[in-house]
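Trainee: In the order they appear, the protein sequences are chains A and B.
Per this note's numbering, the first sequence runs over residues 15 to 767.
Per this note's numbering, the second sequence runs over residues 15 to 767.
Using N, Cα and C, we set each Cβ at its ideal position, and we do this for glycine too.
From a predicted model like this one, the values you see are computed outputs, not experimental measurements.
Protein chains: 2
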Amino acid sequence: MSAQRAVRLDGQALVTGKAQFGTDVSIPGMLHGKLVRSSYAHAKIRSIDVSKAASLPGVKAVITAADVPDKRFWPPILDQSLFARDKVRYVGEPIAAVAAEDEATAEEAAALVEVEYEPLPVITTIDEALKSDILIHEEKSPYAPDESLGMRNVCSYSMLKRGDVEAGMREADLVVEDEFEGGMVSQLYLEPHAAVAKVEPGPFITVWTSTQSPYNIRSDIAQLLDLPASRIRVIGTKTGGGFGAKLRAIIEPYCIILAMKTGRPVKMVYSRMEEMLGGTPQTPLRIQLKTGVKKDGTLLARYIKVLMDVGAYAGDGPVDVNIALLIAAGTYKVEHVYAEGYAVYTNKQRCGAFRSVSAPQATFALESHMEHIAEELGMDPLELRMRNIWDDGYTAPWGQRLENVGLRETLRRVAETIGWGAKLGKNQGIGIACGITLTAAMHPSSATVKINEDGSVTVIVGAADSGTGAMYAGLPLIVSRELGVPLEKITLVPSDTEASPYNDGAQGSSTTYCAGNAVMAAARQARQKLLEAAAKLLEARPEDLEIRDNAVYVKGSVDKALTIAEVVEKTHYAGEEIEGRGSYVTSFPPYDSSSISGFFYVPSLIDPTYTAHAALVEVDEDTGSVRILRYVAGQNSGKVLNVDGLAGQITGGVAQGIGFALYEEMKVNEEGVMLNPTLMDYLIPSAVEVPKIDIVLVEDFTGSGPYGAKGAGEAPIVPPPAAIANAIYHATGFRARRIPITSEDVFNGLRGR
Amino acid sequence: MSAQRAVRLDGQALVTGKAQFGTDVSIPGMLHGKLVRSSYAHAKIRSIDVSKAASLPGVKAVITAADVPDKRFWPPILDQSLFARDKVRYVGEPIAAVAAEDEATAEEAAALVEVEYEPLPVITTIDEALKSDILIHEEKSPYAPDESLGMRNVCSYSMLKRGDVEAGMREADLVVEDEFEGGMVSQLYLEPHAAVAKVEPGPFITVWTSTQSPYNIRSDIAQLLDLPASRIRVIGTKTGGGFGAKLRAIIEPYCIILAMKTGRPVKMVYSRMEEMLGGTPQTPLRIQLKTGVKKDGTLLARYIKVLMDVGAYAGDGPVDVNIALLIAAGTYKVEHVYAEGYAVYTNKQRCGAFRSVSAPQATFALESHMEHIAEELGMDPLELRMRNIWDDGYTAPWGQRLENVGLRETLRRVAETIGWGAKLGKNQGIGIACGITLTAAMHPSSATVKINEDGSVTVIVGAADSGTGAMYAGLPLIVSRELGVPLEKITLVPSDTEASPYNDGAQGSSTTYCAGNAVMAAARQARQKLLEAAAKLLEARPEDLEIRDNAVYVKGSVDKALTIAEVVEKTHYAGEEIEGRGSYVTSFPPYDSSSISGFFYVPSLIDPTYTAHAALVEVDEDTGSVRILRYVAGQNSGKVLNVDGLAGQITGGVAQGIGFALYEEMKVNEEGVMLNPTLMDYLIPSAVEVPKIDIVLVEDFTGSGPYGAKGAGEAPIVPPPAAIANAIYHATGFRARRIPITSEDVFNGLRGR
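1) Helix or strand or just coil, what does DSSP make of glutamate 679/B?
2) Alanine 540/B and serine 597/B - do their beta-carbons sit closer together than 8 Å?
3) Given that threonine 253/A touches chain B, what residues does it touch there, using C-beta distances under 7 Å?
4) Measuring straight from C-alpha to C-alpha, what distance separates alanine 379/A and alanine 373/A?
5) I want to verify the contact list: residues of chain E whose CB lies under 8 Å from the CB of glutamate 591/A, in sequence order.
6) Assign glycine 614/B to buried or exposed, taking buried as 16 or more other Cβ atoms, counted over all protein chains shown, within 10 Å of its Cβ.
7) Cutting at 6 Å between CB atoms, please list the residues of its own chain near leucine 66/A, excluding the five before and the five after it.
8) Going along chain A in order, which residues have a C-beta closer than 9 Å to the C-beta of aspartate 8/B?
9) Please state if the CB of valine 640/A and the CB of leucine 689/A are separated by a distance shorter than 8 Å.
10) Is arginine 767/B buried or exposed, if buried means 16 or more other CB atoms sit within 10 Å of its CB?
11) Can you list, in chain order, the residues of the region 474-506 of chain A whose Cβ is nearer than 8 Å to any Cβ on chain B?
12) Across which residues does DSSP place valine 592/B in a beta bridge pair?
13) Flag serine 16/B as yes if its beta-carbon sits less than 8 Å from any beta-carbon of chain A, otherwise no.
14) Compare the C-beta of histidine 46/B against all C-beta atoms of chain A and say whether one is closer than 8 Å.
15) Are at least three pairs of beta-carbons, each pair with one atom in the region 228-243 of chain B and one in the region 255-272 of chain B, less than 8 Å apart?
16) With 16 as the cutoff for other CB atoms within 10 Å, does arginine 562/B come out buried or exposed?
17) Would you say glutamate 512/A and valine 507/B are within 8 Å of each other, going by their C-beta atoms?
18) Taking the alpha-carbon positions, what's the methionine 15/A to leucine 711/A distance?
19) Use the C-beta contact count for leucine 149/A: other C-beta atoms within 10 angstroms, 16 or more gives buried, fewer gives exposed.
20) Ordered along the chain, which non-local residues of its own chain (more than five positions away) have a Cβ less than 6 Å from that of alanine 20/B?
21) Grouping DSSP H, G and I as helix and E and B as strand, with all else coil, what is methionine 694/A?
22) Is it right to say phenylalanine 715/B is buried, meaning 16 or more other beta carbons lie within 10 angstroms of its own, or is it exposed?
23) Would you mind telling me which residues of chain A sit closer than 7 Å to lysine 32/B, beta carbon to beta carbon, in chain order?
24) Can you list the residues of chain B that serine 40/A reaches, using a CB-CB cut of under 7 Å?
25) Anything in chain B within Cβ reach of glutamate 117/A, meaning under 7 Å, just list it in chain order.
26) Which class does leucine 313/B belong to by DSSP, given the choice of helix, strand or coil?
27) Can you give me the start and stop residues for the alpha helix (DSSP H) that proline 108/A sits inside?
28) Bridge partners for histidine 627/B per DSSP, in chain order?
29) For a contact defined as C-beta to C-beta under 7 Å, what are the partners of aspartate 510/B on chain A?
30) Could you say if the region 333-351 of chain B and the region 447-456 of chain B meet the contact criterion of at least three C-beta pairs nearer than 8 Å?
31) Strictly under 8 Å for the Cβ-Cβ distance: is valine 471/B near chain A by that measure?
32) Which whole-angstrom value is the C-beta distance of isoleucine 753/A and proline 735/A, which I expect to be below 8 Å?
33) Taking only the alpha-carbon atoms, compute the straight-line gap between alanine 548/B and valine 566/B and give it to the nearest angstrom.
34) Tell me the rounded alpha-carbon separation between aspartate 24/A and valine 419/B.
35) Threonine 784/B lies in the beta strand (DSSP E); which residues open and close that run?
36) Could you tell me if alanine 27/B is buried or exposed, where buried requires 16 or more neighbouring beta carbons within 10 angstroms of its beta carbon?
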């Protein structure tokens with residue numbers, strides 16, 4: 015691994031416990047807020063009686079839908095309100111909120127709010143929803159499929175096609191068909207949602223919140239509360255993990271309304287159970303795959319159908335559906351593709367984004383399907399992959415010409431490292447899987463780099479750091495390299511909608527790529543201005559100058575120099591500042607509009623990150639339990655900027671991927687009640703279940719990110735469920751159709767049940 | 015008065031008491047700091063014993079010079095340390111600081127610090143200082159005058175000349191000579207210095223402070239604590255008045271060092287007595303004037319000498335000296351000028367800037383001297399002024415060609431309004447005086463104007479608001495006018511070194527001029543970008559579009575429009591932002607370097623603000639007390655942007671000018687001990703002493719400020735002492751040589767004592 019080592023500018027604060035997370039924010043005079051949640055999955059609200067709650071000593075406000083504007087949010091469907099108005103659609107839906115002097119009183123008051131319900135039939139599965147007479151949402155979604163299909167409760171339809179799938183199937187020597195499922199999974203960040211709102215007359219609103227995107231939060235608040243965005247200041251605190259669940263306003267608007275009502279700042283922090291009931295977990299899905307293949311292993315045609323169970327509100331469902339379609343159509347060459355997807359409402363919790371949305375599940379489906387094809391062909395599954403794997407120059411089904419793929423080399427090295435083909439022990443098996451992460455390279459990002467009058471540097475960028483270090487370790491490295499200023503003199507301004515230029519947040523592994531490109535451009539402009547200012551003072555031409563050791567020298571001269579501080583101070587004094595501004599902007603990928611229909615939006619396809627993983631497992635025949643003996647994670651992240659940070663991301667991502675594979679699922683019963691909403695019931699891998707991860711990095715310097723860097727954070731969560739499922743198959747002959755694959759599943763599978 | 019009326023965006027918060035001033039900042043876990051001050055005016059420090067203080071329960075830290083880097087600050091002389099090291103130079107000089115759980119404990123602990131002194135001779139007057147064997151500063155100032163002059167304890171020398179003064183004096187029919195003095199005056203802002211510092215490991219420092227210049231404070235902290243400026247974030251709170259005394263780090267570094275020592279946030283708030291002892295009041299000065307004049311009143315030559323008593327540290331003294339020289343050489347045409355000035359150390363409190371530095375005193379001297387000349391010539395003093403007054407096209411002694419003077423018209427209208435020449439009652443007299451305020455138009459200022467996705471506008475500008483409203487009322491008006499967006503949708507980001515572009519603060523009446531020009535340029539760029547983005551979407555050319563009612567229309571079309579919100583949202587979505595950036599930058603005034611020597615720096619001479627005031631007074635012969643019966647204040651502020659704000663500034667400035675004229679002086683005895691450091695002893699005018707002010711505004715739209723606006727805040731404090739002194743003379747024949755002119759002075763003057 016030939017790459018730079020970085021320090022995190024926030025490292026010392028983090029390890030000494032001094033960093034301020036959302037939960038740490040405290041303002042004198044602050045009240046505490048709590049939500050009152052629905053106990054029914056589907057019911058009309060007959061009445062709400064807040065009188066007992068309001069008269070509890072210490073309670074300062076109780077609010078319901080009547081106290082907020084009747085506005086909706088969460089693009090693209092805009093079907094969510096702050097409070098249920100006429101009916102509730104899931105267990106846990108907010109109905110009212112209280113503010114009290116302390117959290118215990120707020121909780122007590124919340125329990126005193128009396129809601130009278132008229133229960134409605136509860137729909138908890140995709141199949142029920144599609145056929146039901148009951149509509150969960152009476153209002154039709156703008157992206158609903160054609161009514162002639164007779165599909166009920168569908169909030170969005172997406173379609174992508176290339177070539178002629180039916181013709182391709184006819185040409186095929188063999189057609190293989192499969193169906194797979196993935197469950198609902200919690201992001202389970204350590205720090206729950208936490209925010210504090212302070213309202214000054216005007217109103218001028220300040221919100222401190224643990225978020226991945228201060229600008230998204232601001233936009234949501236403006237929309238929900240019908241206020242100008244300019245009057246809302248969102249300051250991002252440190253974020254103790256987000257994984258996609260801290261991209262939209264979950265608790266902030268409640269804090270604001272309560273603060274407006276009471277005239278005092280209001281803080282709200284979710285408990286773990288509130289996170290489980292009121293968060294936005296990974297959306298469950300079902301995926302059908304049908305592939306036509308030649309005897310020699312050439313893939314000819316693929317049909318894909320995704321049915322996504324978005325829960326009671328659309329959330330990111332429509333986006334997640336089309337990403338699932340792209341993933342299932344990816345990483346292997348197939349001429350003819352037809353992919354259709356549907357987001358379906360049920361009376362379950364609303365869902366959202368989770369680290370590389372849809373990809374762990376869709377990749378589990380695709381890579382299990384590839385193994386099935388290899389089996390049917392009697393071909394080594396590695397050979398089948400190598401025969402079809404994407405290379406530079408191939409045009410993906412969505413019309414993008416691929417560059418810097420590096421997947422073949424990554425897969426080759428991963429297979430070599432795990433010892434593919436070696437003789438294994440009893441009940442042992444090796445599984446491999448490839449992955450693509452559609453990093454969100456279309457997120458606009460701007461940055462300002464100010465060189466201060468003492469030669470130190472302040473970087474202002476709208477990026478947020480959800481904990482990965484992409485912001486506080488990666489971006490300063492770029493500035494240091496461009497300006498020749500040591501890291502100790504560089505500071506990044508935390509995300510703040512009033513301090514930072516527009517940016518839509520830490521999502522889609524976009525920080526290094528988008529914010530990094532913006533910061534690089536800004537640093538280069540600042541450097542140029544510095545050289546020009548120094549040139550005037552030194553009576554030289556800018557191109558004859560060089561920067562080293564915090565000073566600007568005339569090239570080749572030892573004496574003729576000014577420190578950076580001197581140049582800036584003199585320039586300030588003359589009425590100018592040394593400041594660079596850079597933007598990263600890109601346009602949408604070049605879809606052929608005849609090849610898509612319905613809702614179609616993809617963050618970006620520029621320089622995706624590719625992965626190949628391999629797992630060696632051993633299965634206990636008597637119990638069905640799976641032990642991962644060895645794990646190899648290969649990744650082509652372009653140029654590696656911060657090798658320790660990348661290794662951390664890969665290790666964490668694989669651990670979460672193991673959770674997806676073997677342990678994690680939020681279970682909901684027929685009444686729509688969650689069965690495991692606490693960490694006593696919800697199973698996650700512990701240090702015992704996560705083996706040491708061997709990391710294989712394939713570098714590449716030709717991409718369009720800074721020095722060729724690609725997004726890194728999401729990619730490693732993608733292949734583990736597939737690699738582990740395939741390893742279980744090779745160890746036992748049991749092919750899992752669903753993740754998580756529990757010991758019970760394996761036990762039953764081995765016994766043909 | 016034909017001008018616009020404005021609202022202050024912070025008005026509602028201010029009048030409801032919700033605005034957060036420095037004194038209001040509160041952070042959980044915060045300690046309170048107090049300084050230990052010298053009780054001697056000049057003494058060696060033999061020892062400091064902090065043991066008793068440190069062992070007091072509740073005390074968390076006691077620090078002295080040994081705990082801070084040995085660094086100096088306060089440009090241009092850099093002679094001040096945080097704590098006295100070897101000796102103390104004034105009563106009140108900081109020696110140590112303590113931090114404790116509450117303010118009372120901190121105060122108790124401060125009193126327990128034991129300092130052993132070895133007293134040195136105390137110098138309290140300019141005359142003593144110039145001749146003394148004792149040096150207050152052993153180190154020689156870089157701007158000290160030539161040693162051959164034999165002047166001791168001088169920290170700076172400044173000289174300006176034009177023509178040949180001696181030849182001019184020889185040609186004169188009459189030479190008139192005078193000497194005047196002005197005392198030390200407190201700025202007496204309502205809110206004392208108040209700051210809170212929080213230090214996170216790194217260190218990363220955040221300071222909330224009541225300041226006029228977050229960037230200056232940051233720069234001072236970096237210098238004094240030897241830290242990169244990029245690690246220091248200074249956030250300006252609301253400021254309850256500053257008048258020049260909140261431009262440099264007075265208490266912030268102590269808070270930081272105590273916070274570093276204790277690991278807890280530290281707050282410090284000055285008491286009124288600490289303000290009086292440890293603030294930075296108006297510097298006392300003595301000024302000699304000698305003018306050669308022809309019989310017809312033509313001024314031929316003027317010699318000016320200023321001796322300024324800067325106290326124990328130079329502070330702004332060197333700057334104030336040369337501003338006093340320019341003022342005394344100003345507003346009337348004189349061909350030959352020689353002006354020299356000296357800043358002299360004494361063992362008194364360090365001084366600083368006060369609203370229009372040096373000008374009330376220098377103008378008192380100049381305008382009293384003009385009256386004396388008129389008297390000697392037997393000429394009407396108004397006529398003498400009108401004969402010599404500056405007009406457009408005249409070249410000031412410092413080489414600047416004048417434009418937009420408007421002084422003749424202002425003086426004419428003021429004289430007319432007060433009824434110059436009318437018959438008055440017994441012991442009544444009218445005095446008139448002109449003034450020039452060298453507004454600091456050289457302060458660089460940049461601004462960003464962001465149009466948000468809902469059509470609201472965020473303005474980020476490094477300006478600070480010291481309470482005048484120039485920022486929160488004036489700047490939004492400019493943006494509203496340029497973008498056609500109503501004020502309700504516009505927000506200004508409070509000053510913050512991490513949010514705001516570089517700016518050196520609210521000083522020299524520069525906000526409307528410098529920040530206003532920057533904001534106007536930024537708004538125009540944002541407007542242009544908005545039109546370009548809308549043009550793409552509407553398939554039109556930008557020049558064919560217009561903005562009205564929050565929307566962009568094709569000119570002449572009623573339908574073809576997009577709301578501003580739609581344009582911005584679509585543009586964000588395509589990866590761009592609608593943001594304008596503007597800078598105001600100017601170059602130094604064109605001094606002829608052969609005409610100046612020593613320290614010479616003048617904020618700016620672009621578009622100064624001119625004033626003419628007139629006072630009608632009545633003097634009580636028996637007591638010497640002076641009553642102001644009528645007061646007319648005329649001002650040429652260019653284009654008036656906010657007429658209520660300007661009227662407020664004029665009223666307040668005249669009230670403070672009356673204080674200078676008749677009441678205010680900080681008195682120090684021979685031991686260097688201040689005699690009146692509380693509001694029980696220090697006299698200021700109350701509502702009874704301030705008459706209703708008649709305001710005469712002379713508008714002018716040709717200047718280089720926004721729409722022709724000039725700086726407004728400082729100008730009205732300038733002429734009152736001169737106008738009132740001249741009125742007393744006309745009422746009684748008593749010519750005051752010193753301000754404040756107390757009743758006792760008048761009483762004694764009338765009796766020839």
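Mentor: Answer, in terms of the structure:
1) Against the second sequence, residue 679/B aligns to sequence position 665. Glutamate 679/B falls in the coil class under three-state DSSP.
2) The residue given as residue 597/B occupies position 583 in the second sequence. The residue given as residue 540/B occupies position 526 in the second sequence. No.
3) Here residue 253/A is taken as the residue at index 239 of the first sequence, counted from 1. The contacting residues do not exist; threonine 253/A stays about 16 Å from chain B at best.
4) Start at 1 with the first residue of the first sequence, and residue 379/A comes out as number 365. Start at 1 with the first residue of the first sequence, and residue 373/A comes out as number 359. When rounded, the distance between both Cα atoms is 10 Å.
5) The chain labelled as chain E is not found among the protein chains of the depicted structure, namely A and B.
6) Here the question's residue 614/B lines up with position 600 in the second sequence. Glycine is not the amino acid found at residue 614/B; the sequence shown has phenylalanine there. By the neighbour-count rule (16 or more Cβ atoms within 10 Å), phenylalanine 614/B is buried.
7) Numbered from its first residue, the first sequence carries residue 66/A at position 52. First, the amino acid is wrong: residue 66/A is lysine here, not leucine. These residues qualify, in order along the chain: Leu126.
8) Given that chain B is displayed from residue 15 to residue 767, the structure contains no residue 8/B and the question cannot be resolved.
9) Position 675 of the first sequence, counting from 1, holds the residue named residue 689/A. Position 626 of the first sequence, counting from 1, holds the residue named residue 640/A. Going by C-beta atoms, leucine 689/A is not nearer than 8 Å to valine 640/A.
10) Here residue 767/B is taken as the residue at index 753 of the second sequence, counted from 1. Exposed.
11) Ile474, Glu502, Lys503, Ile504, Thr505
12) Position 578 of the second sequence, counting from 1, holds the residue named residue 592/B. One detail in the question is off: residue 592/B reads as isoleucine in this sequence, not valine. Answer is none; isoleucine 592/B lacks a bridge partner.
13) Along the second sequence, read from residue 1 onward, the residue named residue 16/B stands at position 2. Model confidence at serine 16/B stands at a pLDDT of 40, short of 50, so the residue's coordinates are unreliable; what they give is reported in the following sentence. No, serine 16/B lies away from the interface with chain A (no Cβ there is under 8 Å from its Cβ).
14) The residue you call residue 46/B lines up with position 32 of the second sequence. Not one chain A Cβ lies under 8 Å of histidine 46/B.
15) yes
16) Here the question's residue 562/B lines up with position 548 in the second sequence. It is exposed - the Cβ of arginine 562/B has fewer than 16 other Cβ atoms within 10 Å.
17) Locating residue 512/A in the first sequence gives position 498, where the first residue counts as 1. Locating residue 507/B in the second sequence gives position 493, where the first residue counts as 1. Contact flag set, yes.
18) Here residue 15/A corresponds to residue number 1 of the first sequence, with the count starting at 1. Here residue 711/A corresponds to residue number 697 of the first sequence, with the count starting at 1. Per-residue confidence for methionine 15/A stands at a pLDDT of 34, beneath the threshold of 50, marking its modelled position as unreliable; no derived number is given.
19) By one-based count along the first sequence, residue 149/A stands at place 135. Leucine 149/A should be labelled exposed.
20) Translated into positions along the second sequence, residue 20/B becomes position 6. These residues qualify, in order along the chain: Ala487, Leu491, Asn656.
21) Here residue 694/A corresponds to residue number 680 of the first sequence, with the count starting at 1. Correct three-state label for methionine 694/A: coil.
22) Along the second sequence, read from residue 1 onward, the residue named residue 715/B stands at position 701. Result: exposed.
23) Reading the second sequence from its first residue, position 18 is the one you call residue 32/B. Result: Glu214, Pro215.
24) Along the first sequence, one-based indexing puts residue 40/A at 26. What serine 40/A touches in chain B: Pro42.
25) As a first step, residue 117/A must be located in the first sequence, where it is residue number 103. Residues of chain B passing the Cβ test: none, with the nearest at roughly 15 Å.
26) Residue numbering aside, residue 313/B sits at position 299 when the second sequence is read from its first letter. Leucine 313/B falls in the strand class under three-state DSSP.
27) Within the first sequence, the letter at position 94 stands for residue 108/A. That residue, proline 108/A, is in no alpha helix (DSSP H); its beta strand (DSSP E) goes 108-114.
28) Position 613 of the second sequence, counted from the first residue, corresponds to residue 627/B. Note: histidine 627/B sits in a beta bridge opposite Ala447/B, Ala647/B.
29) The residue labelled residue 510/B in the question sits at position 496 within the second sequence. The answer, in chain order, is Ala513.
30) yes
31) For the purposes of this step, residue 471/B is taken as residue 457 along the second sequence, with counting starting at 1. Cβ-Cβ to chain A under 8 Å: yes for valine 471/B.
32) Counting from one through the first sequence, the residue named residue 753/A turns up at place 739. Counting from one through the first sequence, the residue named residue 735/A turns up at place 721. Between proline 735/A and isoleucine 753/A the Cβ distance is about 5 Å, and since that is below 8 Å, they are a contact.
33) Here residue 548/B refers to the residue found at position 534 of the second sequence. Here residue 566/B refers to the residue found at position 552 of the second sequence. Their Cα atoms are separated by approximately 7 Å.
34) In the first sequence, counting from the first residue as 1, residue 24/A sits at position 10. In the second sequence, counting from the first residue as 1, residue 419/B sits at position 405. Cα to Cα, aspartate 24/A sits roughly 55 Å from valine 419/B.
35) Outside the shown range of chain B (15 to 767) lies residue 784/B, about which nothing can therefore be said.
36) The count along the second sequence starts at 1 and reaches residue 27/B at position 13. Classification for alanine 27/B: buried.
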